[in-house]
Amino acid sequence: MPQSTWKILFNRTIDNSKIYLKYPRAHFSTHGIRRGAAQWRSNYAPKKWGMHIIKWWGGWSAGESVSRLFEVRSRIQVD
Numbered sequence: 001m002p003q004s005t006w007k008i009l010f011n012r013t014i015d016n017s018k019i020y021l022k023y024p025r026a027h028f029s030t031h032g033i034r035r036g037a038a039q040w041r042s043n044y045a046p047k048k049w050g051m052h053i054i055k056w057w058g059g060w061s062a063g064e065s066v067s068r069l070f071e072v073r074s075r076i077q078v079d
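Using the numbering used here, the letters of the sequence shown correspond one by one to residues 1 to 79.
Laid out in structure tokens, this is it:
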């Protein structure tokens, strides 16, 4: 799917959901979806993904820091 088509569908979904009524100053982007999905896959999914797969899936380059994701993951798995 071309990026332009994805963006149109994403914006239409946000508009139809009326979520902006609850969060009028929020800016919705695919970054939040990508980050949330990565955290879910790392921490909560029935079959968790390793960090190398998450970085590949999310489009993070090898040099990008994922320390925030590691930090959240380590806090959850402490208990």
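Idealized CB from N, CA, C, for every residue including glycine.
- Pairing A37 with F10, the inter-Cα distance amounts to about 15 Å.
- Rounded to the nearest whole angstrom, the CA to CA distance from N16 to I54 is 29 Å.
- In the DSSP assignment, F10 falls within the alpha helix (DSSP H) that extends over 3-17.
- The beta carbon of W6 is closer than 6 Å to none in its chain, skipping five residues each way along the sequence.
- Around the Cβ of S29, a 10 Å sphere holds fewer than 16 other Cβ atoms; the residue is exposed.
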